[in-house]
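Protein chains: 2
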Amino acid sequence: MQQLTNNITFISKLEACWQRDNFVCVGLDSDYEQLPDIIKGGRPVEDGLFHFNREIIDATHDLVCAYKPNAAFYEALGEAGWRALAGTVRYMREMYPQIPVILDAKRADIGSTNLGYAQSAFDYLGVDAITVHPYLGREALAPFLARKEKGIIVLVKTSNPGAGEFQDLPVGPQQEPLYMVVARHVAHDWNGNGNCAIVVGATYPDELRRVRALAGDMPILIPGIGAQGGEVASTVKAGQDSRGWGMIINASRSIIFASRGSDFAVSARAATGQLRAEINQYR
Amino acid sequence: MQQLTNNITFISKLEACWQRDNFVCVGLDSDYEQLPDIIKGGRPVEDGLFHFNREIIDATHDLVCAYKPNAAFYEALGEAGWRALAGTVRYMREMYPQIPVILDAKRADIGSTNLGYAQSAFDYLGVDAITVHPYLGREALAPFLARKEKGIIVLVKTSNPGAGEFQDLPVGPQQEPLYMVVARHVAHDWNGNGNCAIVVGATYPDELRRVRALAGDMPILIPGIGAQGGEVASTVKAGQDSRGWGMIINASRSIIFASRGSDFAVSARAATGQLRAEINQYR
Chain A
1 MQQLTNNITF ISKLEACWQR DNFVCVGLDS DYEQLPDIIK GGRPVEDGLF
51 HFNREIIDAT HDLVCAYKPN AAFYEALGEA GWRALAGTVR YMREMYPQIP
101 VILDAKRADI GSTNLGYAQS AFDYLGVDAI TVHPYLGREA LAPFLARKEK
151 GIIVLVKTSN PGAGEFQDLP VGPQQEPLYM VVARHVAHDW NGNGNCAIVV
201 GATYPDELRR VRALAGDMPI LIPGIGAQGG EVASTVKAGQ DSRGWGMIIN
251 ASRSIIFASR GSDFAVSARA ATGQLRAEIN QYR
Chain B
284 MQQLTNNITF ISKLEACWQR DNFVCVGLDS DYEQLPDIIK GGRPVEDGLF
334 HFNREIIDAT HDLVCAYKPN AAFYEALGEA GWRALAGTVR YMREMYPQIP
384 VILDAKRADI GSTNLGYAQS AFDYLGVDAI TVHPYLGREA LAPFLARKEK
434 GIIVLVKTSN PGAGEFQDLP VGPQQEPLYM VVARHVAHDW NGNGNCAIVV
484 GATYPDELRR VRALAGDMPI LIPGIGAQGG EVASTVKAGQ DSRGWGMIIN
534 ASRSIIFASR GSDFAVSARA ATGQLRAEIN QYR
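Protein chains in written order, with the working numbering: chain A, 1 to 283; chain B, 284 to 566.
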């Protein structure tokens, strides 16, 4: 019973995946325009999206620690995209309930409004975790942080080239970069329910090392491997925690679009396996 | 022809509304649970939401400078909520094309992903403006900023009590608060297309005055009047620009839920008219 209860939280699902040496998160950034022709032909948009995701998931589920659909690629298609996203999450929960699903939605509003976003992600879709912006502070994020069984993954140092415009600004008498201040607040003040995690891009390994030193064994979601240019060796060295765990290393396009032919799912599995092996080589 | 072309941009629609002394923005935070019984009875959820919004809009359209549906209240209902939101925006565009519609979605991801959010808001839904988080910087927001005819409304100082946790942090050798640094970047660096605006909460009139002094005649979306406790007199004194314009003063609950009886639309009109008069009294 204890085991069962533990395994329904985001963090316990993650840890069970890490125990099997799985640190790859597959980003389901399923841009409809980019899908293989074999998927798009003769199907309504939402069926094509769902079918593509299902094939990717079925081909990779034993190699990953999480799936991460990015809401933007579904919202771009309006109602049909929303249905495809809901169907994909439902499929993952039914077939692979042991694998956590992260909704990469980068939400954050004032407190009363975040209730709506928390309901949408956790109750309507039923995902295990969500990414959020820190800018409005802990008080605004309370409706997310109150969900003990879920993962609240806060943007700290993002993977994009222009991330430093605000995130590197020197703050306070110590002139410490803003992203470190945010990381400290999350790790030392927001995590009363043990459900917080942090985003640091693989494109910034030095910053990743600093955040890891501050955050203890808190999970870090690390996007930016593959198409964005982040390197595996430096990412693992900087990102692993005291147990050699702690990393949710996301790759999206380099896995789901490894091939645009009829072998797209087999190719996605090969790309996932290769990244998995590379990560474990440097741990 | 020039007039017609001008009037299709967010800023020109706004200015035309301001010319008629309209500065109230009605926040369509249409939380389904809170809707009047007369609306909810015997209707599917999405029909109820749409019907409620339509009644509010029909009753207030000649008194406002914008409508602002907050995405969270629609996403909380999943697919049905999404359809109600799309239907509401379609109705506003058809019936009242002169009034700008702001999607309060507080989005922001890395650049390639923001394309999806921009498509969702501007092309699929067809709104005139969107609210965005600044944390990822200008480079990431490029797909929004490139849409010259739209409004890109950046969170600077939000209305919530805990806004200061990061937004007031002292930055750089001048120890200037972060929200002022963000405001300066938006006003002086991001606004090449003249399509930027700024969010400052009515709950922080001193901060509003400082941002106005820095931002020239840039539009400022000012939430926090009414239920959140912001005062009209101090808001108008601090928020108006050199023309006595520049303000998008949002009220949500105090207007749309002014009555929960069958007179909800008439009451919403009365509350809008009262706020409109109060604003103009202090300009």
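We treat Cβ as the ideally placed atom computed from N, Cα and C, and that holds for glycine.
With 16 as the cutoff for other CB atoms within 10 Å, does residue i come out buried or exposed?
| i | result |
| --- | --- |
| proline 460 of chain B | buried |
| proline 44 of chain A | exposed |
| isoleucine 152 of chain A | buried |
| aspartate 58 of chain A | exposed |
| isoleucine 248 of chain A | buried |
| leucine 287 of chain B | For leucine 287 of chain B, the predicted structure reports a pLDDT of 42, less than 50, and the residue's modelled location is therefore unreliable. A value from the coordinates is still provided. Looking at its Cβ environment, which holds fewer than 16 other Cβ atoms inside 10 Å, leucine 287 of chain B is exposed. |
| cysteine 196 of chain A | buried |
| aspartate 387 of chain B | buried |
| methionine 92 of chain A | buried |
| lysine 433 of chain B | buried |
| tyrosine 357 of chain B | buried |
| aspartate 123 of chain A | exposed |
| isoleucine 539 of chain B | buried |
| glutamine 2 of chain A | Low local confidence applies: a pLDDT of 39 at glutamine 2 of chain A is under 50, so the model's placement there is unreliable, and no value is given. |
| serine 403 of chain B | buried |
| proline 173 of chain A | exposed |
| lysine 148 of chain A | exposed |
| proline 100 of chain A | buried |
| alanine 129 of chain A | buried |
| asparagine 280 of chain A | exposed |
| glutamine 19 of chain A | exposed |
| aspartate 345 of chain B | exposed |
| asparagine 6 of chain A | Residue confidence for asparagine 6 of chain A is low, a pLDDT of 42 falling below 50, so the modelled location carries little weight and cannot support an answer. |
| aspartate 320 of chain B | exposed |
| arginine 373 of chain B | exposed |
| glutamine 167 of chain A | buried |
With respect to the alpha helix (DSSP H) encompassing residue i, which residues constitute its N-terminal and C-terminal limits?
| i | result |
| --- | --- |
| proline 143 of chain A | 138-145 |
| threonine 9 of chain A | Segment: none, threonine 9 of chain A is in no alpha helix (DSSP H) and carries neither H nor E. |
| alanine 359 of chain B | Premise fails: alanine 359 of chain B is in no alpha helix (DSSP H) and is neither H nor E. |
| glycine 331 of chain B | 328-343 |
| phenylalanine 265 of chain A | For clarity, residue 265 of chain A is alanine in the given sequence; the question names phenylalanine instead. Residues 264-282. |
| tyrosine 67 of chain A | Note, tyrosine 67 of chain A: premise wrong, no alpha helix (DSSP H); beta strand (DSSP E) at 64-69. |
| glycine 310 of chain B | Premise fails: glycine 310 of chain B lies in the beta strand (DSSP E), 307-311, not in any alpha helix (DSSP H). |
| aspartate 37 of chain A | 37-40 |
| alanine 568 of chain B | No information on residue 568 of chain B is available, as it lies outside the stretch 284 to 566 that chain B covers here. |
| glycine 116 of chain A | 111-118 |
Could you tell me the boundaries of the beta strand (DSSP E) in which residue i lies?
| i | result |
| --- | --- |
| alanine 388 of chain B | 385-390 |
| asparagine 533 of chain B | 530-534 |
| valine 415 of chain B | 412-415 |
Of the choices the options, whose alpha-carbon is the least far from that of residue i?
| i | options | result |
| --- | --- | --- |
| leucine 368 of chain B | B:Ser395, B:Glu329, B:Ser542 and B:Ala516 | B:Glu329 |
| glutamate 298 of chain B | B:Gly324, B:Val347, B:Glu338 and B:Glu490 | B:Val347 |
| tryptophan 245 of chain A | A:Gln174, A:Gly230 and A:Met218 | A:Met218 |
| threonine 158 of chain A | A:Ala129, A:Thr203 and A:Ala121 | A:Thr203 |
| alanine 510 of chain B | B:Glu448, B:His471, B:Ala554 and B:Asn336 | B:Ala554 |
| glutamine 523 of chain B | B:Ser535, B:Ile503, B:Phe540 and B:Ile508 | B:Ile503 |
| glycine 512 of chain B | B:Val494, B:Ala498 and B:Ser535 | B:Ser535 |
| valine 284 of chain A | A:Ile279, A:Gly273 and A:Val181 | Residue coverage of chain A in this structure runs from 1 to 283, which leaves residue 284 of chain A outside it and unanswerable. |
| arginine 212 of chain A | A:Pro223, A:Val199 and A:Gly224 | A:Val199 |
| asparagine 353 of chain B | A:Gly216, A:Gly111, A:Tyr135 and A:Ser267 | A:Gly111 |
| alanine 446 of chain B | A:Ala183, A:His133 and A:Glu165 | A:His133 |
| valine 549 of chain B | B:Gly331, B:Leu311 and B:Glu338 | B:Glu338 |
| alanine 429 of chain B | B:Gly310, B:Leu497 and B:Gly475 | B:Gly475 |
| tyrosine 32 of chain A | A:Gly78, A:Asp21, A:Gln19 and A:Asp62 | A:Gly78 |
| asparagine 397 of chain B | B:Phe427, B:Leu438 and B:Thr414 | B:Phe427 |
| proline 506 of chain B | B:Tyr418, B:Leu491 and B:Ala498 | B:Leu491 |
| valine 236 of chain A | A:Ala277, A:Gln98 and A:Ile11 | A:Ala277 |
| isoleucine 102 of chain A | A:Cys25, A:Ser234, A:Leu169 and A:Leu155 | A:Cys25 |
| arginine 543 of chain B | B:Ser295, B:Val439, B:Leu318 and B:Glu422 | B:Leu318 |
Of all the beta strand (DSSP E) runs that stay within the bounds of the stretch 433-513 of chain B, which reach a length of 3 or more residues? 434-440, 479-483 and 503-505
Residues, ordered as in the chain, of the stretch 413-447 of chain B that lie near chain A by beta-carbon distance below 8 Å: His416, Pro417, Tyr418, Leu419, Gly420, Arg421, Glu422, Ala423, Leu438, Thr441, Ser442, Asn443, Pro444, Gly445, Ala446 and Gly447
Near-chain A residues of the stretch 336-366 of chain B (beta-carbon distance less than 9 Å), N- to C-terminal order: Asn353, Ala354, Ala355, Phe356, Tyr357, Glu358, Ala359, Leu360, Gly361, Glu362, Gly364, Trp365 and Arg366
Selection of the stretch 464-475 of chain B by Cβ proximity to chain A, strictly under 8 Å: Val464, Val465 and His468
Please name the residues in the stretch 112-126 of chain A whose beta-carbon is closer than 9 Å to at least one beta-carbon of chain B, in chain order. Ser112, Thr113, Asn114, Leu115, Gly116, Tyr117, Ala118, Gln119, Ser120, Ala121, Asp123, Tyr124 and Leu125
Any C-beta of chain B within less than 7 Å: which residues of the stretch 204-236 of chain A qualify? none
Which residues, in chain order, does the stretch 448-464 of chain B contribute to contact with chain A at a C-beta distance below 9 Å? Glu448, Phe449, Gln450, Leu452, Pro453, Val454, Gly455, Pro456, Gln458, Leu461 and Val464
For the stretch 526-544 of chain B, which residues have a CB atom closer than 8 Å to at least one CB atom of chain A, in sequence order? none
Tell me which residues of the stretch 367-379 of chain B have at least one Cβ-Cβ distance to chain A shorter than 9 Å, keeping chain order. Ala369
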